[in-house]
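Q:
8 protein chains.
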Amino acid sequence: MNRQQLRALLDEVRSGLVTPESAHDRLFQVLRQSPFEDLGFARVDHHRPTRQGFPEVVFGQGKTPSQVAAIAERLVSAGHNLLVTRTTPEAYQAVTAVVARATHHELARCITFDQGTASRGRGTIMIAAAGTADLPVAEEAAVTAQLMGNTVDRLYDVGVAGLHRLLKEHQRLSAARVVIVVAGMEGALPSVVGGLVDVPVVAVPTSVGYGASFGGLTALLAMLNSCAIGVSVVNIDNGFGAAAVASSINHLQ
Amino acid sequence: MNRQQLRALLDEVRSGLVTPESAHDRLFQVLRQSPFEDLGFARVDHHRPTRQGFPEVVFGQGKTPSQVAAIAERLVSAGHNLLVTRTTPEAYQAVTAVVARATHHELARCITFDQGTASRGRGTIMIAAAGTADLPVAEEAAVTAQLMGNTVDRLYDVGVAGLHRLLKEHQRLSAARVVIVVAGMEGALPSVVGGLVDVPVVAVPTSVGYGASFGGLTALLAMLNSCAIGVSVVNIDNGFGAAAVASSINHLQ
Amino acid sequence: MNRQQLRALLDEVRSGLVTPESAHDRLFQVLRQSPFEDLGFARVDHHRPTRQGFPEVVFGQGKTPSQVAAIAERLVSAGHNLLVTRTTPEAYQAVTAVVARATHHELARCITFDQGTASRGRGTIMIAAAGTADLPVAEEAAVTAQLMGNTVDRLYDVGVAGLHRLLKEHQRLSAARVVIVVAGMEGALPSVVGGLVDVPVVAVPTSVGYGASFGGLTALLAMLNSCAIGVSVVNIDNGFGAAAVASSINHLQ
Amino acid sequence: MNRQQLRALLDEVRSGLVTPESAHDRLFQVLRQSPFEDLGFARVDHHRPTRQGFPEVVFGQGKTPSQVAAIAERLVSAGHNLLVTRTTPEAYQAVTAVVARATHHELARCITFDQGTASRGRGTIMIAAAGTADLPVAEEAAVTAQLMGNTVDRLYDVGVAGLHRLLKEHQRLSAARVVIVVAGMEGALPSVVGGLVDVPVVAVPTSVGYGASFGGLTALLAMLNSCAIGVSVVNIDNGFGAAAVASSINHLQ
Amino acid sequence: MNRQQLRALLDEVRSGLVTPESAHDRLFQVLRQSPFEDLGFARVDHHRPTRQGFPEVVFGQGKTPSQVAAIAERLVSAGHNLLVTRTTPEAYQAVTAVVARATHHELARCITFDQGTASRGRGTIMIAAAGTADLPVAEEAAVTAQLMGNTVDRLYDVGVAGLHRLLKEHQRLSAARVVIVVAGMEGALPSVVGGLVDVPVVAVPTSVGYGASFGGLTALLAMLNSCAIGVSVVNIDNGFGAAAVASSINHLQ
Amino acid sequence: MNRQQLRALLDEVRSGLVTPESAHDRLFQVLRQSPFEDLGFARVDHHRPTRQGFPEVVFGQGKTPSQVAAIAERLVSAGHNLLVTRTTPEAYQAVTAVVARATHHELARCITFDQGTASRGRGTIMIAAAGTADLPVAEEAAVTAQLMGNTVDRLYDVGVAGLHRLLKEHQRLSAARVVIVVAGMEGALPSVVGGLVDVPVVAVPTSVGYGASFGGLTALLAMLNSCAIGVSVVNIDNGFGAAAVASSINHLQ
Amino acid sequence: MNRQQLRALLDEVRSGLVTPESAHDRLFQVLRQSPFEDLGFARVDHHRPTRQGFPEVVFGQGKTPSQVAAIAERLVSAGHNLLVTRTTPEAYQAVTAVVARATHHELARCITFDQGTASRGRGTIMIAAAGTADLPVAEEAAVTAQLMGNTVDRLYDVGVAGLHRLLKEHQRLSAARVVIVVAGMEGALPSVVGGLVDVPVVAVPTSVGYGASFGGLTALLAMLNSCAIGVSVVNIDNGFGAAAVASSINHLQ
Amino acid sequence: MNRQQLRALLDEVRSGLVTPESAHDRLFQVLRQSPFEDLGFARVDHHRPTRQGFPEVVFGQGKTPSQVAAIAERLVSAGHNLLVTRTTPEAYQAVTAVVARATHHELARCITFDQGTASRGRGTIMIAAAGTADLPVAEEAAVTAQLMGNTVDRLYDVGVAGLHRLLKEHQRLSAARVVIVVAGMEGALPSVVGGLVDVPVVAVPTSVGYGASFGGLTALLAMLNSCAIGVSVVNIDNGFGAAAVASSINHLQ
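Protein sequence lines correspond, in order, to chains A, B, C, D, E, F, G and H.
Here the first sequence is numbered in the working numbering, starting from 3 and rising by one per residue.
Here the second sequence is numbered in the working numbering, starting from 3 and rising by one per residue.
Here the third sequence is numbered in the working numbering, starting from 3 and rising by one per residue.
Here the fourth sequence is numbered in the working numbering, starting from 3 and rising by one per residue.
Here the fifth sequence is numbered in the working numbering, starting from 3 and rising by one per residue.
Here the sixth sequence is numbered in the working numbering, starting from 3 and rising by one per residue.
Here the seventh sequence is numbered in the working numbering, starting from 3 and rising by one per residue.
Here the eighth sequence is numbered in the working numbering, starting from 3 and rising by one per residue.
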């Protein structure tokens with residue numbers, strides 16, 4: 003139960019739509035949960051939706067399939083949406099044993115199970131990607147943003163060396179409430195997009211490139227030095243992080 | 003004239019509050035301006051308010067006082083708000099010769115002249131700073147945000163080694179629509195703040211520190227690797243950039 | 003025989019608990035050992051317990067299983083405790099052929115054989131870890147500290163983005179004589195812990211993270227720049243080194 | 003009032019040495035202080051002695067002389083010891099106006115005023131420095147350690163290229179309870195010292211050197227990779243930090 | 003005398019425009035020069051025009067005014083064009099004492115004296131610069147290119163955050179035979195220009211920027227990773243080097 | 003159809019060699035193509051030959067064999083030359099299913115299919131390589147340059163530690179219109195070649211080396227700092243990029 | 003035939019030990035060899051013994067077994083000693099097919115075939131290594147030095163954290179004409195050795211270590227900053243290079 | 003008294019040239035000196051000539067003029083040669099007050115006083131420098147080498163972009179017993195020189211350059227990766243260190 007849902011519930015009580023008894027039951031169910039649950043190797047944080055507007059996300063990298071499945075089971079049985087990032091087919095197998103209807107997004111390397119608990123964002127999050135090789139990161143952002151309750155529009159393969167491909171879509175860019183720009187190599191796309199729109203731009207450098215791209219460092223540095231205003235940056239290949247920022251913006255009232 | 007102002011004008015025409023003639027005059031005055039003006043050493047961009055919601059900002063570093071003054075004069079006489087960043091007392095002297103009532107913000111190293119053209123943001127931008135030495139960057143953010151039409155709340159000297167100073171202000175943090183967090187050294191404050199609020203956090207690393215802080219690189223890297231969600235990052239010491247991001251978020255409807 | 007044991011022996015001689023003849027025999031056995039033993043590829047250092055309070059530790063990385071087993075056999079037959087770090091199942095197989103009852107700590111990647119020669123530390127060493135992925139390093143520290151004669155308390159998954167998980171354990175933190183803090187990503191946990199306790203904090207950066215974490219470099223730099231006092235740092239992923247520092251502190255009289 | 007002083011006071015009450023009334027008065031005086039005091043540009047933390055065993059230290063770099071003096075005045079009038087690091091003759095002038103008997107340690111670049119509030123450490127802190135150019139950092143450590151209640155022994159100009167200078171002082175090294183080792187250039191001294199003693203070694207890299215010393219980075223990296231056990235590291239040139247670590251070790255009971 | 007001039011001379015001899023005697027005299031004068039002249043601190047290379055198409059250039063940085071003047075005097079009296087880069091007003095004073103009519107280009111920090119010996123390039127070299135602060139580097143390129151016999155077209159303040167300023171000049175860009183692109187910060191301009199033209203693009207990163215621009219490193223890396231084809235890169239701030247490359251291209255027949 | 007071909011066609015119309023009807027048909031065929039074709043994961047750019055003189059190149063790295071084949075099929079059926087770089091035997095198998103006569107250059111890791119659409123370059127491109135291990139990069143440059151319509155001359159294993167091997171080929175070097183120099187390790191070859199010729203030199207650093215060569219970074223930095231004039235640099239291992247630059251130079255009229 | 007051998011031959015002619023006819027035949031055989039032999043992928047340099055005192059060495063990394071074998075065959079059949087470094091068992095198999103009696107040094111990863119052509123060095127080359135993991139690099143140096151005609155003394159596992167192991171061998175160190183010191187981690191051994199001897203010390207950093215050793219960079223930087231005099235450094239893991247330097251010193255007359 | 007002088011003295015005793023009494027007196031005078039002398043801020047090492055063949059050198063950087071003078075006085079009055087490096091005119095003034103006839107080498111930034119105690123080296127040390135700006139470093143090497151008893155030959159301004167200047171001096175290069183090569187920028191000169199001679203080459207990178215030379219880092223890395231054999235490297239700008247290495251080589255018997 004996030005802040006908005008709590009406020010809505012209380013409003014419904016005041017207006018008589020929900021009885022105090024019913025509200026009490028729902029709140030009690032939340033509150034009797036310990037704020038976190040100790041699995042030995044992890045402390046599952048059940049109050050994060052209240053504090054942060056979205057349940058704890060399982061960062062799959064460096065966890066065994068059975069660890070992922072155990073955390074997933076606890077989150078789902080507590081009624082939360084499930085998002086596992088940086089995951090593997092093996093982890094997906096393990097998760098389906100406890101959350102049968104979970105979905106595997108292969109390109110995005112994510113597992114999700116949507117219990118419909120996310121509140122709706124207000125506008126559209128545009129996800130623009132410079133090249134084909136940036137798609138795994140762009141899709142991680144797209145899957146994350148959708149599960150967090152946002153409408154997503156995708157604009158792929160619009161790198162700056164062929165500007166006409168981007169300029170032709172100026173209309174779609176302008177319709178977004180926030181734009182995520184994903185690019186590797188020289189990382190120039192956020193600067194160009196940032197010059198075309200007046201909404202916040204979240205830039206995601208990717209490790210796409212070779213030679214002196216240094217695993218995405220070049221794109222990261224370029225984005226941090228963007229001469230366009232309204233651009234902020236997240237970690238290399240961090241599609242999830244960009245979507246979380248964009249979603250928190252898109253849920254502002 | 004930015005996008006919101008244009009839309010408002012047209013709404014007023016439709017509703018009869020403004021006559022078509024009057025609207026025509028105001029629009030004509032804008033449109034007859036060349037989109038940019040060539041001063042030889044610079045092309046002053048007069049349509050940026052329309053595209054970006056805020057007029058061109060003068061980055062003072064590396065410009066002579068007379069260059070700064072020349073650009074300032076063009077911007078102000080075109081009716082724009084004026085913001086000069088990274089400036090000097092010498093540049094301020096030169097600007098006052100052409101914009102007599104311009105204000106010098108010494109700690110923030112900014113010059114401003116407010117012609118009241120900014121539309122109002124919807125909520126409050128909180129600016130939290132870890133230490134006393136981070137104040138010039140925090141103030142650059144504050145001055146920028148205010149000139150861009152935002153209400154600003156300041157929370158200074160709340161570094162993570164004395165958590166009680168921060169936790170005591172949880173209320174104020176939660177009341178903000180977007181939080182700018184300014185920190186040098188190990189750059190840990192955005193992670194802690196990001197865990198306490200559910201609104202967007204814009205992190206600004208500063209070059210405050212010594213030894214292996216490497217001019218702010220350590221704080222920058224730490225912020226990019228934040229384990230908190232909803233945190234994005236701008237360049238080292240870039241208080242202006244953080245404010246521009248925060249203002250674009252705060253002006254979303 | 004370390005310094006404390008030597009002093010104790012001499013005290014026992016003075017007080018008549020041990021006869022000079024018996025003491026002579028024990029000392030002679032130690033002294034007739036060459037200070038080191040040349041295995042061709044390695045010089046096993048038998049006097050290290052006297053100089054350093056703990057026998058030579060076998061750094062397993064880059065050594066063949068048979069090299070590890072050969073050194074292990076020499077150390078154990080000389081009566082020392084055995085600790086092999088950064089080891090493999092193959093090396094463990096080889097060691098069990100010569101030290102049948104040796105223990106394999108899989109998560110910690112260590113082999114130990116405890117001959118009870120370590121003197122007891124005076125207080126508790128707390129080992130706090132930020133996330134699940136930091137556990138191999140934390141466990142290397144725990145195994146090492148225990149073999150060196152220390153009582154260990156573990157506090158895992160208490161990253162700074164969910165401060166309540168840490169603050170709830172303030173009591174346990176305050177009860178420790180020295181705290182080892184293990185964290186990757188932005189490495190902020192030592193700063194927060196360092197602000198809560200007045201005992202020495204030994205920070206261990208881990209290579210956990212992605213993108214601009216650069217194999218633990220970000221966490222390392224952040225910890226070196228900690229604004230909290232009383233924090234010192236060891237090498238990336240060096241759980242053993244942190245435990246050695248903490249143990250030398252915990253054995254001070 | 004730090005933790006030890008509080009405990010001592012309560013012991014004295016129990017044993018009748020101090021009346022409850024007197025104890026109440028002393029405690030009341032402490033408790034009525036706000037935990038921190040807001041000077042606008044800084045929040046002076048008055049409860050740090052209780053939490054951390056030592057009052058807040060004023061990091062002089064980046065503060066104006068009047069800011070330094072204002073904080074110094076607040077700390078001294080609250081009865082705390084005063085330590086200003088990285089300071090200047092100008093700041094010292096400003097401080098003497100409000101704390102007339104403050105001392106300026108020029109080589110160490112520190113200002114101190116000792117009100118005798120520090121509890122005594124148990125043993126000696128040895129400060130070893132590799133070369134003459136490392137002395138400002140070594141002296142910052144020495145001044146800090148002394149003000150924190152420790153006995154200090156200095157061993158200067160004992161770099162590893164002339165081992166006999168160090169080996170000759172083996173006795174003094176062995177008598178210390180903790181050793182601070184200060185070195186620039188290749189930073190090898192902590193490894194050699196760490197191999198000679200069995201007490202904790204706190205290594206301080208300095209920015210002394212030229213060419214590929216990169217402002218102390220080389221010494222820092224070397225110290226982090228020390229093959230000796232019991233060595234931990236603080237930031238480049240951070241003599242204060244090393245002394246704080248050493249003092250917290252030296253005050254363990 | 004460069005290769006083209008030599009070929010032209012021999013053609014004129016064949017066609018009777020120049021007598022063998024006259025050609026002999028001119029060639030003799032060249033050949034009797036020692037290939038280089040030893041000034042003690044420098045070996046002035048008189049055959050470079052023959053080998054490289056342009057006389058030796060005096061890199062002013064790190065040379066005293068009198069050293070610059072001495073070399074300048076030798077070059078001019080041997081009939082070469084003179085170009086001093088990275089120079090100072092003091093050096094210009096010294097040069098005018100020996101080459102009275104030398105020109106000082108203050109913004110470009112160059113001294114030139116044109117003896118009309120450069121052969122004409124075939125087309126136009128366009129010099130595009132992203133911002134006002136990039137002008138000293140752009141002008142160093144312009145002065146160099148002109149002295150080497152090229153026609154130069156300047157296009158300044160056309161950074162990618164305001165694409166319309168660049169796109170409006172597509173015509174001029176397309177008319178160039180080679181384009182030099184000068185940019186700091188995120189260094190994105192060469193990628194955009196490279197996507198618009200089919201002639202060679204020589205990219206010059208500048209040290210303009212702050213924070214994580216790291217003295218031009220970010221722009222350098224971005225340009226090396228350009229996704230546009232036909233882009234090659236020279237050293238940071240190396241306007242001279244870019245002009246030399248562009249001129250060698252523009253002189254190809 | 004590139005710019006030169008368009009101009010030639012129009013010239014032929016004016017001179018009567020081609021009827022307006024025929025020209026119209028050819029132009030119509032080009033123009034009715036959408037400027038780019040959306041394959042979902044990629045936007046194939048069909049107008050690049052017109053803008054850039056060469057069709058879109060398929061960067062094979064990070065694309066699946068079926069993605070490579072799909073793009074290849076679209077390019078070839080549109081009448082373009084095909085070049086796939088950084089490719090694998092698996093991708094070649096997939097491409098032959100749709101472009102049966104495509105060629106695999108194993109050492110160069112390229113796939114090509116030449117439909118004879120490239121216009122001829124004017125001179126020879128010399129490709130000089132320092133050592134045997136640099137050949138894959140040199141061959142990528144050679145294959146690219148040839149497909150782009152250039153004559154190529156190869157000069158391999160002429161590193162600077164055996165200068166006589168290079169000096170013996172001075173004649174061939176001087177005959178080239180542009181020289182590509184490929185070298186790893188210390189990257190000194192471009193400086194030496196640049197001192198011997200007066201045509202443009204395009205330097206390609208390779209990742210050949212070990213230890214402190216840092217994946218080609220050392221060679222890259224050395225080439226950027228070349229003391230020879232007329233040298234520009236492309237990304238590490240970027241043989242394709244060097245050939246594209248050289249070809250654009252070699253096609254200048 | 004190297005310089006010393008040539009001089010010796012001429013001396014023998016003068017003294018009548020060798021007839022001019024015989025000398026002529028031997029010299030003719032050398033001189034009729036082309037200075038290098040072009041194998042297509044490599045230019046085998048047959049005059050290197052004359053120029054450099056040792057035949058061309060085959061750097062095995064990045065060459066196929068058949069390339070290695072082909073070069074080996076040419077060198078051996080021309081009468082040179084054979085040294086292949088950084089090689090593999092597969093390459094050794096290929097070499098034995100053409101040089102049946104070649105030797106494989108597995109730890110050193112070298113192949114050698116000694117035809118007795120090296121002149122003898124004058125003294126002993128000591129090779130000291132800090133730890134067991136440094137042995138492959140130390141042995142590469144040892145194998146190289148021996149094949150180049152030098153007497154080698156090995157001193158392994160003498161790291162600085164156990165100084166007594168090194169000091170005990172002071173005698174052997176002092177007997178050497180040149181000392182190669184091999185060390186990873188903090189790279190402190192050359193500084194200590196350099197302070198004990200007055201002969202040249204060649205330091206070889208190794209990639210042994212973890213965390214912030216950064217593949218040997220830390221050891222490299224430490225060695226370059228050595229406070230001992232008489233120390234020079236070669237590339238990381240470059241045992242061959244160190245031996246070549248030491249051998250050239252040891253062959254000075 | 004260095005090792006050679008000691009041996010010579012003993013030989014003279016054996017042969018009767020020196021009486022045992024006289025030898026005793028000279029040795030006694032040496033031995034009664036404390037091995038080092040404690041000045042408080044420095045320990046002057048009087049036995050270094052015996053251990054290292056040359057007295058302690060005063061590294062002037064970071065020492066006050068009076069510290070330099072105090073150490074100089076102690077060294078000279080003990081009969082040693084004096085060498086102060088990285089010094090200033092102010093330090094020279096202070097030194098002349100205590101060592102009246104000391105010499106100031108301005109370009110080399112050294113102070114020397116030669117008491118004739120150095121034994122003579124056997125051959126010539128060639129010092130080759132790439133450019134005029136490298137001369138301060140080259141001269142530091144020359145002054146050091148001469149004071150250490152070596153004959154020096156200088157070859158300046160022979161950078162690789164004008165190979166003929168170097169090749170013309172092949173004779174002089176070949177006559178040297180050891181070659182010091184000083185170069186900045188791309189640092190290619192040692193590779194070329196190393197390919198021309200068969201004696202040891204000591205490479206000194208300088209901080210000469212701009213942009214991506216990064217204070218000499220580029221030249222340093224290039225030299226470490228030299229493809230020539232027989233090349234070792236010292237720290238950036240370390241002319242003194244190179245001379246010390248070269249002198250120790252040149253003094254081998």
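We treat Cβ as the ideally placed atom computed from N, Cα and C, and that holds for glycine.
Everything numeric in this text was worked out from a predicted model, so none of it was measured.
Expressed to the nearest angstrom, what Euclidean distance is found between the alpha-carbon atoms of Val15(A) and Ser24(A)?
A: 9 angstroms
Q: Consider the Cβ of Leu165(G): report whether some Cβ of chain F lies at a distance smaller than 8 angstroms.
A: no
Q: Assess contact between the stretch 133 to 150 of chain H and the stretch 167 to 177 of chain H, defined as three or more Cβ pairs (one per stretch) separated by less than 8 angstroms. Is contact present?
A: At 8 angstroms Cβ cutoff, the stretches do not touch.
Q: CA-CA distance, Ser193(A) and Pro192(E)?
A: 13 angstroms
Q: Counting only Cβ-Cβ distances shorter than 8 angstroms, please list the residues of the stretch 217 to 237 of chain D near chain G, keeping chain order.
A: Near chain G, meaning a CB-to-CB distance below 8 angstroms, the residues of the stretch 217 to 237 of chain D are Leu219, Thr220, Ala221, Leu223, Ala224, Met225, Leu226, Asn227, Ser228, Cys229, Ala230 and Ile231.
Q: Three or more beta-carbon pairs under 8 angstroms between the stretch 222 to 233 of chain A and the stretch 82 to 94 of chain A, yes or no?
A: no
Q: Taking only beta-carbon atoms, is Gly64(B) less than 8 angstroms away from chain E?
A: Yes - at least one Cβ of chain E is within 8 angstroms of the one on Gly64(B).
Q: Is it buried or exposed, Leu137(H), if we count other Cβ atoms within 10 angstroms and call 16 or more buried?
A: Looking at its Cβ environment, which holds 16 or more other Cβ atoms inside 10 Å, Leu137(H) is buried.
Q: Going by the beta-carbon positions, is the gap between Ala205(H) and Val235(H) smaller than 8 angstroms?
A: yes
Q: So which residues of chain B does Val145(A) contact, with C-beta pairs closer than 8 angstroms?
A: Ordered by position in chain B, no residue passes the 8 angstroms Cβ test against Val145(A), which lies about 15 angstroms from the chain.
Q: Whole angstroms is fine: what's the gap from Thr87(B)'s alpha carbon to Leu77(B)'s?
A: 15 angstroms
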